[in-house]
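Written out below as structure tokens is the structure these notes cover.
2 protein chains.
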Amino acid sequence: MNSGDSTLTDTKERILDAAEHLLAIKGFRGASLRAITGEAGVNLASVNYHFGSKKALLEAVIKRRIQPLNHIRRKRLEQVRESARQKGKKPDVKAALSAFIEPTLLFKESNPDAKKFFIFIGRSLTDPDDTVREVFLRFIKPIFHLLFETACEALPGQPREIIFWRLHFTIGALFHAMHISGNIKTKFLDVKTGIDANSLVNLILPFVTAGMKAK
Amino acid sequence: MNSGDSTLTDTKERILDAAEHLLAIKGFRGASLRAITGEAGVNLASVNYHFGSKKALLEAVIKRRIQPLNHIRRKRLEQVRESARQKGKKPDVKAALSAFIEPTLLFKESNPDAKKFFIFIGRSLTDPDDTVREVFLRFIKPIFHLLFETACEALPGQPREIIFWRLHFTIGALFHAMHISGNIKTKFLDVKTGIDANSLVNLILPFVTAGMKAK
DNA sequence: GTCTATACGATGATAGAC
DNA sequence: GTCTATCATCGTATAGAC
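Protein sequences appear in the order of chains B and D.
Take the first sequence: its letters are residues 1 to 215, numbered as in the working numbering.
Take the second sequence: its letters are residues 1001 to 1215, numbered as in the working numbering.
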């Protein structure tokens, strides 16, 4: 039983918040359980009690943000395919890309606490830690395949392998942008990091749309 | 004095090779001095003797590969600007991008040992470790600015801020591609990682060129 | 100049009292 | 459910022998 004072957030959530913050700025190895529990104001042992291990905590942090985001991306991508099918036309490339990119970038605004998570996503696919890449890939894979199939329908003239690589370029551009726009610390190559999500959408969409359609 | 057997590589180079390998697959924190010296077959203390610290070793590893690469990129970029100036025309966008991208990707072929370094470069700008980002940025910054100025001359109609962001998208796409193409371990989102450098150049150049020119 | 041995702190995880 | 105490391990760096 809690000692009477039922604070705003319970232990589990406080751990998740602190872990999210420290994972973003320090990475998986750099974010020690001592630092996480210290910031959360809970005991060191509570991580292992509530989650089982550091890796399980990582999964919980990622799942909490990615699952709702994936739900939105999936819905929007299926909407693009379905409405094109009903009109008997092929899906629009920009609409397909937007269905993936826009929710990803706007997620920051809708969820102020998730801002830190931006940096983490931006690093997710190149993280030096196998564990981080593995967990993120597990969540991203199904959405990426849906995006891939939609893009193939939108660009029937292009070989699937080219579309495949171009989507990877798109993701590389998007994640890199997320990382630097979410990073408050390093002024990255003189970039103004304080760009808002909508402006970033309007900057990246024309770039990747033109890239996907190239030649 | 060495004990007679002057082996192919001396201690310092053996450390650099082992460090490059382990930094690529494990990251800065994950590549322990114990593992590096173990793989190099030298004593644990020799890193601090020859380089001074782990950070200094990191700098040496990066410098060894980046300096010759930067020399080529600089020469090619200046060539693009100069030949355009002589013809009284603006530089070609694709030529400018190619001057940066092609040497970067072909470096892998010309230098078989540098293949591991690919993964490391691909992670360089999003590395969780401040040290890694700081050192890489110091080397990349001057070349990036040269690329930026060349791109501005090539696209006089576009606002500089848009060009700036689009070059960041380009670098994001390039580095992400380098990371997954250099990564032999994880089959990344079903991508065939064994792509050769020339094919990758031919895949990415049309994408980013179209992106830069968009609208 | 080079290596052996070791210092000292911090890490993830657990056992067991409350 | 929560906490203190402690474990074995690993990290970087140094002091001193050859």
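By construction, the Cβ of each residue, glycine as well, lies at the ideal position given by its N, Cα and C atoms.
Spatial distance of residue i from residue j (CA atoms)
| i | j | result |
| --- | --- | --- |
| B:N198 | B:V208 | 16 Å |
| D:L1008 | D:R1029 | Residue placement at D:L1008 is poorly supported in this model, since its pLDDT is 40, which falls under 50; the coordinates are not used for a value here. |
| D:A1040 | D:H1021 | 10 Å |
| D:F1144 | D:L1125 | 13 Å |
| B:G157 | B:A31 | 47 Å |
| B:I195 | B:S110 | 15 Å |
| D:G1004 | B:F169 | Residue placement at D:G1004 is flagged as unreliable, the pLDDT there being 31, under the threshold of 50; the coordinate-derived value follows with that caveat. Roughly 52 Å separates the two Cα atoms. |
| B:R76 | B:S53 | 35 Å |
| B:N48 | B:K108 | 29 Å |
| B:A35 | B:I15 | 11 Å |
| D:I1171 | B:L174 | 11 Å |
| D:P1103 | B:E82 | 43 Å |
| B:D92 | B:Q79 | 12 Å |
| D:P1068 | B:P142 | 41 Å |
| B:D190 | D:L1203 | 29 Å |
| D:K1063 | D:I1140 | 11 Å |
| B:K55 | D:K1215 | 45 Å |
| D:D1127 | B:A210 | 29 Å |
| D:I1221 | D:R1160 | The first residue shown for chain D is 1001 and the last is 1215, placing residue 1221 of chain D beyond what the model contains. |
| B:N183 | D:F1120 | 20 Å |
| D:W1165 | D:L1033 | 38 Å |
| D:V1061 | D:L1146 | 24 Å |
| D:L1137 | B:L137 | 27 Å |
Cβ distance (whole Å) where residue i is taken to contact residue j below 8 Å
| i | j | result |
| --- | --- | --- |
| B:A96 | B:A151 | 6 Å |
| B:R123 | B:H179 | 6 Å |
| B:A99 | B:R73 | 7 Å |
| B:L205 | B:K94 | 6 Å |
| D:K1012 | D:H1050 | 5 Å |
| D:F1118 | D:S1181 | 7 Å |
| D:D1017 | D:D1113 | 7 Å |
Neighbourhood of residue i by C-beta, 8 Å cutoff - its chain only, sequence neighbours within 5 removed
| i | result |
| --- | --- |
| D:D1129 | G1027, F1028 and R1029 |
| B:L58 | A19, L23, F28, T131, V132 and V135 |
| B:L106 | A197, N198 and V201 |
| D:H1176 | G1122 |
| B:I163 | F148, A151, C152, L155 and M212 |
Span of the alpha helix (DSSP H), counted from its first residue to its last, around residue i
| i | result |
| --- | --- |
| D:K1115 | K1115 to S1124 |
| D:V1162 | Residue 1162 of chain D is actually Ile in this sequence, not Val. That run of the alpha helix (DSSP H) goes R1160 to G1182. |
| D:K1213 | A1197 to K1213 |
| D:K1141 | D1130 to A1154 |
| B:S110 | V93 to S110 |
| D:N1048 | S1046 to H1050 |
| B:A35 | L33 to A40 |
| B:N43 | Here B:N43 belongs to no alpha helix (DSSP H), and DSSP marks it neither H nor E. |
| D:G1088 | Careful: D:G1088 lies outside any alpha helix (DSSP H) and carries neither H nor E. |
| D:D1017 | T1011 to G1030 |
Residues of its chain near residue i, where Cβ-Cβ distance is below 7 Å and the 5 sequence neighbours each way are ignored
| i | result |
| --- | --- |
| B:N43 | T37 |
| D:K1090 | A1084, E1153, A1154 and P1156 |
| B:N70 | F139 and I143 |
| D:N1002 | Only weak support is given to the placement of D:N1002: the predicted model assigns it a pLDDT of 37, under 50, and the question is left unresolved by the model. |
Contact set for residue i: own chain, Cβ-Cβ below 6 Å, skip 5 residues either direction
| i | result |
| --- | --- |
| D:K1228 | Absent from the model: residue 1228 of chain D. The displayed extent of chain D is 1001 to 1215, so no value can be given. |
| B:S6 | Since pLDDT at B:S6 reaches only 38, below the 50 mark, its modelled position is unreliable, and no value is offered. |
heavy atom of the ligand NAP below 8 Å from residue i C-beta
| i | result |
| --- | --- |
| B:D10 | Questions concerning the ligand NAP fall outside what the structure shown contains, since it holds no ligand whatsoever. |
Which residues, in order along the stretch 133-144 of chain B, keep a beta-carbon less than 9 Å from a beta-carbon of chain D? The residues in question are R133, E134, L137, I140, K141 and F144.
Along the stretch 87-105 of chain B, what residues have a CB closer than 8 Å to any CB found in chain D? Listed in sequence order: no entries.
Selection of the stretch 201-214 of chain B by Cβ proximity to chain D, strictly under 8 Å: Result list: L203, I204, P206, F207, V208, T209, A210, G211, M212, K213 and A214.
Taking beta-carbon pairs under 7 Å, can you tell me which members of the stretch 20-36 of chain B lie near chain D? Look at the stretch 20-36 of chain B: the residues with a C-beta under 7 Å from a C-beta of chain D are K26, G27, R29 and G30.
Using a beta-carbon distance cut-off of less than 8 Å, what residues from the stretch 155-181 of chain B approach chain D? Cβ contacts with chain D: I162, F164, W165, R166, H168, F169, T170, I171, G172, A173, L174, F175, H176, A177, H179 and I180.
Tell me which residues of the stretch 1059-1075 of chain D have at least one Cβ-Cβ distance to chain B shorter than 7 Å, keeping chain order. Within the stretch 1059-1075 of chain D, contact with chain B at the beta-carbon level (separation under 7 Å) is assigned to no residue.
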